[in-house]
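Counting in the numbering used here, the sequence shown runs from 125 upward without gaps.
Note that beta-carbon positions come from the ideal geometry of N, C-alpha and C, so glycine has one too.
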Amino acid sequence: MFRILTIALASASLLAAGTPAVARGDRDRDQDNLRDAAAQGQVIPLNRLIADVKSRPPYSGMTYLGGPQFDAGRMIYALKFMDGSQVVIVYVDARSGRIVGRKP
Numbered sequence: 125m126f127r128i129l130t131i132a133l134a135s136a137s138l139l140a141a142g143t144p145a146v147a148r149g150d151r152d153r154d155q156d157n158l159r160d161a162a163a164q165g166q167v168i169p170l171n172r173l174i175a176d177v178k179s180r181p182p183y184s185g186m187t188y189l190g191g192p193q194f195d196a197g198r199m200i201y202a203l204k205f206m207d208g209s210q211v212v213i214v215y216v217d218a219r220s221g222r223i224v225g226r227k228p
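Below is the structure:
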């Protein structure tokens, strides 16, 4: 019984250790695709998107937190801002620069 439990725990830890590498590979590929698309003018460069959102009220009065997330399937950036003590996530279309959502 102890042997089966040990094997199961070892297998689970090996599987868990491999997951970040796979996710990192996907994220690196997304970043490469995004960089190529920006170079070809298909998407707006991230630094310009951030500057544009920061210039619009109410985001101009908020602090940009950094660490943008990118959804390659939808071509949407999630940008994090601090509004007082609340984190606000702004969703921006990478192709048009249009704000497509906000949470909360």
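Item                                                                                      : Value
Beta-carbon gap between Tyr188 and Leu203 smaller than 9 Å                                : yes
Same chain, Cβ closer than 7 Å to Ile174, five either side skipped, listed in chain order : Tyr188, Leu203
Through-space distance from Gly185 to Phe194, alpha-carbon basis                          : 24 Å
Between the CA atoms of Gln164 and Val177 - distance to the nearest angstrom              : 22 Å
Nearest neighbour of Arg226, chosen from Ser209, Tyr201, Arg219, Ser220 [CA to CA]        : Tyr201
Neighbour-count burial assignment, Val214, 16 or more Cβ in a 10 Å radius                 : buried
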